[in-house]
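Q: One structure follows; several queries about it will come next.
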Amino acid sequence: MAESAVAFLLTKLGSLIQEELKSLGGVKGEIVFIGDELESMRAFLRVANAIEDSDPEIQAWVKQVRDVAHNTDDVLDEFMLRFADRHRHHHGFYGSVCKIYYQIKNMKARRQIASDIKDIKTRVIDIAQRRQRYGYKFSNSEQGSSSNVANNGGCYDRRGDALLLEEDDLVGIDKPKQQLIDWVLDDADSPLKVISVVGMGGLGKTTLIKKVYDDMEVKRHFQNHAWITLSQSFKIEEILSGLIQQLFDEVRRPLPQRFETMDSNNLKAVLKEFLQESRYVLVLDDVWSIEAWDTIKIALPNRNCGSRVLLTTRIGNVASTSCRKPHGYIYEMKALSEEESWTLFCKKTFQEKDCPPYLIEISKSTLRRCEGLPLAIVVISGVLASKDQGRVDEWELVNRSLGAEVEGSDMKKILLLSYNDLPYYLKSCLLYLSSFPEDHLIDWMSSIRMWIAEAFVEVEGGKTLEEVAEAYLYELLNRSLIQVAMRREDRRIQKCCIHDLLREIILSKSKHQNFLTIAREGSVRCLENARRLSIHKTLPDIPLEGKCFSQLRSLLMFGVDEPISESSMPLLFNGGLRLLKVLHLRNASLERFPGNVDKLFHLKYLSLRGTQVKVLPNSIGLLWNLETLDLKETSTIVKEIGRLTQLRRLGILKLRREDGVVLCSSIEKLSNLRSLDVKSIEEDEILDLQSLSPAPQFLQRLYLNGRLEKLPEWITSLHGLTRLVLWWSKLRDDPLKSLQNLPNLVFLSLVDESYEGEGLCFKAGRFQRLKYLGLENLKGLRWVTMEEGTMSRLEELIIVKCELLEELPSGTKHLSNLKQLELIHLHLYLHCSMSIVDGSGASISFTNGMAQQAKQLV
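If you want it as structure tokens, here you go:
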């Protein structure tokens, strides 16, 4: 982490020296000196990070470097904040008074900053001298330590590899998978049965259950399906509401009135009533206590119709209690055999090729430390796969590192090694994910936006910051440090998660390196150098003395139910968060926009989605550096949004028709906008977005939910648009005539009466980059034509609830790259000629009122 802090600081120093030459005044020389010294320390930091856990002196030196980098960063951010006021536009007599005031204020600020910089320079000199005294330690460890340095030049984009790795069955999983499927499908008229998979963490319990749950035969056998993950500190209301939401969403039924305010008894009643007459399968993943199971089982009806509950746990008595005979089965997960371990190791390390003979001995020595645990094997394989197979010394260094790490289990050593092997920029990104609660499904795009706001993402030529950050996530995925939890319709990753064991490791690292403070309940001690604060479920007692938390860069809240006000959360209202960059308040119980937040000059990410904030102050326009603004649920649109010229992502719900022109006027000024998500206050409320001109030229994602009637003309000018989703648009004219000219469109989804016409025609030579097409709940649609040469790259075609559509789209046989065709709840007597798509290699699945079938075409 010290290397990360130094690297990010050097980038900032370079930009600051170029842009603020005059303002730096007499401290420019000191800043250049500090930058040069820190640059010279970087190479030593790479070695020090690998050995600091076993050497207290090196550990202390690394901490000093990290602290001085953070302090310098704080001083520079204070400098930028103090001098930002000179750019404010004041006019007349008031403007003259303000100008004099800020000149005096800035003179004092410059003197203070100069003093701080000189103090830092003195500390840097002392640290540099200490490095020279420890030189022999660095030289002894330097040989062979360059392996992960080679990775620092950029993050190899392995998105395709990640998808392939995820689809591969784990070694030795076929037999237990079939055993579980047999138990699940056995005796369709039997009472409710519970199937428990028990074993220690890292054995692959969740992976096994997911393979069973996703099996097509299992899917067809049950009418209702839901999956929920428990944590050690779960809330029964959250578990029940999560199950209900999945079950209702699956059949597209609206949630009951006052659902969000229901207590556990009401939620149990709703769940029991819904499941009363159906055959269902539920997954309860990671159950930690008998009490948890007892609380949930009360809400599960038993109607002798073959329903099943699949349960994973690390606790033996939880498995035995939930699976009392004769209505239950227990499957005990065991470690992989030596042969299975070697097969999995080679699959992950050498991409299913044979291990080179000269690496067999060192590979098997390393593999023995994994003790047959799949998690340990795939993690260590992720480390070794990034090494040069021609350099045996690099592989030997990995093996030696497992013996030189801090005391603890071999699993912990392996996971710690996988962290230490990361390039510095990925370390910061991974540690940041520890701010999310245990078992939380991490939104893929939100995490990317937060990384960008924190300046963890480096500029790479020809790529947007979002593209670089996405490559970071895929690299963590390929190293098996994060896992895919949920995908979008086009198979892109929507949510990810972290294995519990790995989360423990990075939480320990975050705490040790003062990267993150987590407040779960009660009070949290004052940390003057705390960089990030994540609050889980209960508001802590925050001390107010001194500079407590004054250096915070991120403040995040998750699952906090109690009202947030000046008395309960003074940290947010007292103006002390001057250097904040990320403010994540999604779903927090907040009614009033904090008055001082508009003064947060450095703020880049602000999420108020799901709060009770209805009105924003005009002064929000002073957040000049804001890049992400999630206003979903607010009801007032302010003109000042147009002043937020750095915005890259804007999300707004409950837009009224009369606010459309104001919103368009603001959006016209947002030249950096990449993603726009707008939803009307009601389904039939007009989205008045016709006046937008010109549209942001860099817009890549557009989501419009509300009545348009006519497709806005400006959409045709979005040549960089890659994703377009329309809900409830009620378009009368065929939208394809306009959309077919978008050269980079990859994802197109028309949902919920977005088009009212009878037919859609995809013209030859059009939509040449489209990979996903979704048509859902288009009630008037009777025919779809696909001319030869259209959508040459289409991989997925999904048609749902288009009940007047009586035939498959004509021309489907021309879609040579089609991989998946799904037809769900269509006309009862849908005519489907298999010869239409025969030869495409597509997997075709049908779900209709009378029959359910799936067929794989070869």
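If you're matching positions, the sequence shown starts at 1 in full-length UniProt numbering and goes up one per residue. Cβ coordinates follow ideal geometry from the N, Cα and C atoms, glycine included. Source: prediction; values computed, not measured.
(1) Return helix, strand or coil for D677, following the three-state DSSP convention.
(2) Starting from W227 and walking both ways along the beta strand (DSSP E), at which residues does that stretch end?
(3) Within 10 Å of its beta-carbon, does F8 have 16 or more other beta-carbons around it, so buried, or fewer, so exposed?
(4) Tell me, which residues are paired with M486 by DSSP?
(5) Of all the alpha helix (DSSP H) runs that stay within the bounds of the segment 231 to 288, which reach a length of 4 or more residues?
(6) Determine, using beta carbons only, whether L760 and L794 come nearer to each other than 8 Å.
(7) Looking only at its own chain, which residues have a Cβ that is under 6 Å from the Cβ of S729, when we skip the five neighbours before and after it?
(8) Assign G575 to one of two classes, buried (16 or more other C-beta atoms within 10 Å of its C-beta) or exposed (fewer than that).
(9) Leaving aside the five residues before and after C664 along the sequence, list all residues of the same chain whose C-beta is less than 7 Å from its C-beta, in chain order.
(10) Taking C429 as part of the alpha helix (DSSP H), name the residues at either end of that continuous run.
(11) Which stretch, first to last residue, makes up the beta strand (DSSP E) that contains G328?
(12) Taking C-beta to C-beta, are R674 and R449 nearer than 8 Å?
(13) Considering just the uninterrupted stretch of the beta strand (DSSP E) at F762, what are its terminal residues?
(14) Grab me the residues of A299's own chain with a C-beta within less than 6 Å of its C-beta, minus the 5 sequence neighbours each way, in chain order.
(15) Given that a residue counts as buried once 16 or more other Cβ atoms are within 10 Å of its Cβ, and exposed if not, what is G306?
(16) Please state the DSSP three-state secondary structure of D74.
(17) Under three-state DSSP, which class holds A5?
(18) If you follow the beta strand (DSSP E) that W451 is in, where does it begin and where does it stop?
(19) For L415, does the count of other Cβ atoms within 10 angstroms reach 16, so buried, or fall short, so exposed?
(20) Between L626 and L644, which are expected to be in contact by the criterion C-beta below 8 Å, what is the C-beta distance as a whole number of angstroms?
(21) Restricting to runs no shorter than 4 residues, where is the alpha helix (DSSP H) found entirely within the segment 293 to 374?
(22) What does the alpha-carbon distance come out to for the pair Q551 and L653?
(23) Secondary structure at E787, three-state DSSP: helix, strand or coil?
(24) For L13, which of helix, strand or coil comes out of DSSP?
(25) So if DSSP puts T517 in a beta bridge, which residue, or which two residues, is it bridged to?
(26) Please determine if the segment 490 to 508 and the segment 702 to 719 are in contact, where contact requires at least 3 C-beta pairs separated by less than 8 Å.
(27) So, with DSSP's three-state summary, where would you put H90?
(28) With a CB to CB cut of under 7 Å and the five nearest residues on each side skipped, what residues in its chain are close to I31?
(29) Mind checking whether H719 and D77 have CB atoms under 8 Å apart?
(30) What whole-angstrom Cβ distance do S534 and L516 have, given they're in contact under 8 Å?
(31) My assumption, with CB atoms under 8 Å, is that Y280 sits in contact with F345. Please give the rounded CB distance.
(32) Taking all protein chains shown into account, decide if residue 865 is buried (16 or more other Cβ within 10 angstroms of its Cβ) or exposed.
(33) Pull up the distance between the alpha-carbon of S835 and that of S816, whole angstroms please.
(34) Measure the beta-carbon distance from R732 to I686 and round it to whole angstroms, keeping in mind my assumption that it falls under 8 Å.
(35) By DSSP, does M200 sit in helix, in strand, or in coil?
A: For this structure:
(1) The residue labelled residue 677 in the question sits at position 677 within the sequence shown. Here D677 sits in strand by DSSP.
(2) Position 227 of the sequence shown, counted from the start, is the residue given in the question as residue 227. 224 to 229 is the extent of the beta strand (DSSP E) around W227.
(3) Here residue 8 refers to the residue found at position 8 of the sequence shown. Buried, by the Cβ-count rule.
(4) As a first step, residue 486 must be located in the sequence shown, where it is residue number 486. Answer is K495.
(5) For the alpha helix (DSSP H) assignment, the uninterrupted runs of no fewer than 4 residues enclosed by the segment 231 to 288 are, from N- to C-terminal side, 236 to 250, 264 to 275.
(6) The residue you call residue 760 lines up with position 760 of the sequence shown. The residue you call residue 794 lines up with position 794 of the sequence shown. In this structure, L794 does not lie closer than 8 Å to L760 by Cβ.
(7) On the sequence shown, position 729 is the one that residue 729 refers to. These residues qualify, in order along the chain: L708, S754.
(8) Here residue 575 is taken as the residue at index 575 of the sequence shown, counted from 1. So G575 counts as exposed.
(9) Taking the first residue of the sequence shown as position 1, residue 664 is located at position 664. If we look at C664 and ignore the five residues flanking it on each side, its Cβ neighbours are L689, S691, L692.
(10) The residue you call residue 429 lines up with position 429 of the sequence shown. Its alpha helix (DSSP H) spans residues 424 to 433.
(11) Taking the first residue of the sequence shown as position 1, residue 328 is located at position 328. G328 -> beta strand (DSSP E) spans 328 to 332.
(12) Translated into the one-based positions of the sequence shown, residue 674 becomes position 674. Translated into the one-based positions of the sequence shown, residue 449 becomes position 449. Contact flag unset, no.
(13) Within the sequence shown, the letter at position 762 stands for residue 762. F762 -> beta strand (DSSP E) spans 759 to 762.
(14) Walking along the sequence shown from the start, residue 299 turns up at place 299. So the list reads K268, L271, K272, once near-sequence residues are dropped.
(15) Locating residue 306 in the sequence shown gives position 306, counting from the first residue. By the neighbour-count rule (16 or more Cβ atoms within 10 Å), G306 is buried.
(16) Your numbering for residue 74 matches position 74 in the sequence shown. Three-state DSSP puts D74 in a helix.
(17) In the sequence shown, counting from the first residue as 1, residue 5 sits at position 5. Three-state result, A5: helix.
(18) Start at 1 with the first residue of the sequence shown, and residue 451 comes out as number 451. Element bounds for W451: not the beta strand (DSSP E) but the alpha helix (DSSP H), 444 to 453.
(19) Position 415 of the sequence shown, counted from the first residue, corresponds to residue 415. By the 10 Å Cβ count, L415 comes out buried.
(20) Start at 1 with the first residue of the sequence shown, and residue 626 comes out as number 626. Start at 1 with the first residue of the sequence shown, and residue 644 comes out as number 644. For L626 against L644, the beta-carbon gap comes to about 5 Å, under 8 Å, which counts as contact.
(21) 316 to 322, 338 to 349, 360 to 368
(22) By one-based count along the sequence shown, residue 551 stands at place 551. By one-based count along the sequence shown, residue 653 stands at place 653. Cα to Cα, the separation comes out at about 32 Å.
(23) Position 787 of the sequence shown, counted from the first residue, corresponds to residue 787. Three-state result, E787: coil.
(24) Position 13 of the sequence shown, counted from the first residue, corresponds to residue 13. Reduced to three states, the DSSP call for L13 is helix.
(25) Residue numbering aside, residue 517 sits at position 517 when the sequence shown is read from its first letter. For T517, which the question treats as bridged, DSSP gives the partners L533.
(26) no
(27) Position 90 of the sequence shown, counted from the start, is the residue given in the question as residue 90. Interpretation of H90 is limited by its pLDDT of 47, a score under 50 that renders its predicted location unreliable; the figure taken from the coordinates is listed afterwards. Three-state DSSP puts H90 in coil, outside helix and strand.
(28) Against the sequence shown, residue 31 aligns to sequence position 31. Excluding sequence neighbours, I31 sits near L13, I17, L24, I117.
(29) Here residue 719 refers to the residue found at position 719 when the sequence shown is read from its first residue. Here residue 77 refers to the residue found at position 77 when the sequence shown is read from its first residue. Contact flag unset, no.
(30) For the purposes of this step, residue 534 is taken as residue 534 along the sequence shown, with counting starting at 1. For the purposes of this step, residue 516 is taken as residue 516 along the sequence shown, with counting starting at 1. Between the beta-carbon of S534 and that of L516 there is about 6 Å, and that keeps the pair under the 8 Å contact cut.
(31) Start at 1 with the first residue of the sequence shown, and residue 280 comes out as number 280. Start at 1 with the first residue of the sequence shown, and residue 345 comes out as number 345. Incorrect: roughly 39 Å between the Cβ atoms, too far for contact.
(32) Outside the displayed span of the chain (1 to 858) sits residue 865, for which this structure offers no information.
(33) Translated into positions along the sequence shown, residue 835 becomes position 835. Translated into positions along the sequence shown, residue 816 becomes position 816. Residue placement at S835 is poorly supported in this model, since its pLDDT is 40, which falls under 50; the coordinates still yield a value, given next. In this structure, the CA atom of S835 is about 14 Å from the CA atom of S816.
(34) One-based indexing of the sequence shown puts residue 732 at position 732. One-based indexing of the sequence shown puts residue 686 at position 686. The pair is not a contact, with the Cβ atoms about 14 Å apart (cut-off 8 Å).
(35) Counted from its first residue, the sequence shown places residue 200 at position 200. Of the three classes helix, strand and coil, the one that applies to M200 here is coil, per DSSP.
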